[in-house]
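In what follows, a single structure is set out as C-alpha cells and then discussed.
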Amino acid sequence: MLMISKGYSGRLPSPCQCQLWSYQEIMPGLRDLLRVLQEWLSHSSAEILLTSVSTTLSSPKALAILPCCSTIDVRQISPSQSSLVMPTQGIFSKIELQSISRRDDNCLRFITAYCLNPLSIRNIRIGSVQWRQISHALAPVLRTRLDSSNCSRLLPIPKICAEEESSSVTINSAVIVKLHHPTRQRKRSVVDAFKDKRNASGEGRRRVSADVKNALSNDQEWGFDILQLERVTENHALSHLGIKIFERWKVHETLRCSTDLITRWFSVIENHYHSLNPYHNATHAADVLQATSYFLDSPAVAHHVQDTHATAALIAAAVHDLDHPGRGNAFLINTRQSLALLYNDQSVLENHHVALAFQLTLQQSNNVNIFARLTRDEFVAIRQAVVEMVLSTDMCRHFEYLTKFQQTVGNLHDCDEERDATSMTVCRMLIKCADIGNPTREWSLCQKWAMRIVEEYFDQTTEEREKGLPLTMELFDRNTCNVPLTQCGFIDMFARETFTSWSEFAELPELLKQLEINYENWRQQTSTWNPAKNVNLMADT
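Note that the UniProt record's numbering has the sequence shown beginning at 1, numbered continuously upward.
Structure (C-alpha cells):
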C-alpha cells in the first residue's frame, strides 16, 4: 500500500493491480488492512516490508506518506506548495510477524505497508511510528484515534486547529494505491476489507454468507461455538453476532435509534479491539456478549433485571475489554503506563475500556452515537449501569462482588433492597460470570480458550523477565508451566463457588455440571503434561 499525493513523480512498481480509495475511506480500516495482509502472507511465500514513516507538511491541503525504501529516489519527488512530504530514514529492527501485535499493536495502527514486488520481497521490518506534524485537516481524526489508544508515549499528539479552519480544508488530492497479489483469487483481499468498512458505515449492509448464517444458527444455546464464527467471519464475530443479538433484544427500540446506526457502532467498537491478542480480542467480547444474552434469557434472571439494565448489560458485554493491550493491570502499574497514572492504579484497564467506549460512541466524527435520542436522565441511567458492570469485571474485586451477590439473593424474599439495586447487583454478577465462563463451556471450547489465555500470560511473563519487572503471574513461565494444573487452580479458587451461586440463582444447573466435567478432564492431564507443549499452544485454537 502506498499513500501518494499530486506531488509524487516516482515510478510505481510493476507488475501490480491498483485501485484508488480516498483517505477518509481508508483511515478507519488500517487495522483490518494489517489483518488482511497477514492472511495474504499465509497464502503466499512472499513477505511484506512494513515501514516506519514520519510526515512534515507545509500546508494542510494534502497528505502523502512514502515508504522509507532505498528503491525510491526521494529526489524524484517534486511536491507542490500545497504538499511537502519528507520520508524519514527509520530505525528498523527485525521482529517475527506473529509477535508484532503483542507489543506494538498500537504502533501498527498507523504503519503504512508498501509491497515493492508482492512475489519477491524477503524481509519483514518494523519500526516505531513518529508523527512530527499532522495535517490540520486530518488532525481531528487522528487525535481521536490517538486519544482512544494507549499510545501517547509513542505518538506525540498534535494540536488541533480551529473547527472553522479544518472545515475549509480539502484533501481530495490524497489517494491510496493498493497492491494486490497477482496470483491470488477472490478469496479475500485488501479491497474486500475496506468494502466491509464502507458497508458498515452505512453505504450498504454487509452480506451474510451461508457459512456465517449456519455458524449463528444456535447462538441462543450454551453450546454455541464462537470460535467457528470467528473463522467464517475472519475475525468479525463481534459485529455479526452483536447485530443479531441487539436486534433480537430490540436494543434499537430501547435506544430509539436505527439498526444501521447499531451496525456502524459495532464496526467502530470491533475495530478498537486488538485482533492479534490471543485472548483479549473482539472474539472474547463476542463470547461474553453471547453468554450475557443467554443468561438474560433465563426466566429466573429476567424476573429480577430491569429493561434498562438488560440493555446496559448487552452494551457492557460488547465493550468490556475494549482496547485491551494483552497485558494485565499489574503490568501497566509496574511499568508506570500512562493509563495507570491516569486512573491511580485502580481498575486501570476496566476504567479505560468503558471510558473509551463512551468516548468513541459520543465522538461526533464517528457518527455512531446510539444514545443520541435518549433524554438526559435516560442517558445518565444507562451510562451509570454500563460503567458499573464493566468495572465489576476487575478480578481484584471478584470476591467483593461475589459476596454482595450472595447476600442479595439470600435476602430476596425479605425485600430489603429496592428493585433497582437488586437488578444492578444481579447484572454485575451476570457480566462477571459471562466474562469468566469459559470453564463452563463444552470441553473443546473450554480447552481452546484456556490455551489462548495462557498464551497471553506467557507473553506477559516473558516481557516482565526481559524488563526486570516483578513477575505478576510466576506460574505462567513457558518453560515450566503445567497448564492443566493452572486451570484446576482457577476453578478451585474462583469458578466453582461463583458458578455454584450463579447457576442456583439463574436455574442453570448445566453450567456447574459442565464445570465439573472440565475440571476432571484437566485434573487427569496434570500428571502427564509436558511443558514442551507450551511452545505451540495456539496451534489448534
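Just so it is clear, CB atoms sit at the ideal spot from N, CA and C, and this is done for glycine as well.
Computed from a predicted structure; not experimentally measured.
- The alpha helix (DSSP H) runs of length 4 or more contained entirely in the region 285 to 361 are, from start to end of the chain, 299 to 302, 307 to 319, 329 to 334 and 338 to 342.
- The criterion of a C-beta distance shorter than 8 Å is not satisfied by Thr393 and His304.
- With three or more CB-CB distances shorter than 8 Å, the region 279 to 291 counts as touching the region 434 to 451.
- Closest in C-alpha terms to Val535, from the list Val354, Thr335, Phe379 and Asn479, comes Asn479.
- The distance from the Cβ of Cys488 to that of Arg452 is about 18 Å, inconsistent with a contact at the 8 Å cut-off.
- Asp420 counts as exposed, since fewer than 16 other C-beta atoms from the protein chains shown sit within 10 angstroms of its C-beta.
- The three-state secondary structure of Val454, taken from DSSP, is helix.
- Cα atoms of Leu475 and Gln460: separation of roughly 12 Å, rounded to the nearest angstrom.
- In this structure, Val483 and Ala450 form a Cβ contact; the two beta carbons are roughly 7 Å apart against a cut-off of 8 Å.
- Considering only Trp222, Gly223, Lys244 and Val212, the residue with the shortest C-alpha distance to Glu230 is Val212.
- Judged by beta-carbon spacing, Arg264 lies within the 8 Å limit of Val368, meaning their Cβ atoms are closer than that value.
- Contact fails between the region 293 to 311 and the region 338 to 356, because fewer than three Cβ pairs, one in each stretch, are under 8 Å apart.
- Where Asp211 is concerned, the enclosing alpha helix (DSSP H) starts and stops at Ala210 to Leu216.
- Glu516 and Glu442 have their C-alpha atoms some 11 Å from each other.
- For Met429, the number of other beta carbons within 10 angstroms of its own is at least 16, and it is reported as buried.
- Per DSSP, reduced to three states, the secondary structure at Thr472 is coil, with no helix or strand assignment.
- One Cα belongs to Ala357, the other to Gln363, and the distance between them is close to 10 Å.
- For Pro531, there is no enclosing alpha helix (DSSP H), as DSSP marks it with neither H nor E.
- Cβ-Cβ separation between Leu537 and Glu455: approximately 5 Å, consistent with a contact (criterion under 8 Å).
- For Lys244, the uninterrupted alpha helix (DSSP H) segment begins and ends at Ala237 to Arg248.
- The criterion of a C-beta distance shorter than 8 Å is not satisfied by Thr541 and Ala434.
- According to the DSSP assignment, Asp377 belongs to the alpha helix (DSSP H) that extends over Arg376 to Leu391.
- Residue Tyr519 holds the alpha-carbon nearest to the alpha-carbon of Phe494 among Leu471, Glu507, Gln306 and Tyr519.
- Residue environment analysis places Thr498 among the buried positions, since at least 16 neighbouring C-beta atoms fall within 10 angstroms of its C-beta.
- Going by beta carbons, Val386 and Val354 fall inside the 8 Å limit.
- In this structure, the alpha-carbon of Ile315 lies about 42 Å from that of Thr528.
- Here Asn329 has Val348 and Leu349 as same chain residues with Cβ atoms under 6 Å from its own Cβ, once five neighbours each way along the sequence are excluded.
- About 20 Å separates the Cβ atoms of Gly326 and Leu289, ruling out a contact at the 8 Å cut-off.
- When only Cα atoms are considered, Val232 and Lys533 end up about 27 Å apart.
- Per DSSP, reduced to three states, the secondary structure at Ser275 is coil, with no helix or strand assignment.
- Residue range Arg419 to Asp435 is occupied by the alpha helix (DSSP H) that includes Cys427.
- By a beta-carbon distance limit of 8 Å, Thr254 does not contact Asp219. Their separation comes to about 20 Å.
- Its chain contains His304, Thr408 and Leu412 as the residues whose beta carbon lies nearer than 8 Å to that of Thr422, once the 5 sequence neighbours on both sides are disregarded; these appear in chain order.
- Distances from the CA of Arg397 to each of Glu378, Ser365, Glu418 and Lys432 were compared; the closest alpha carbon is that of Lys432.
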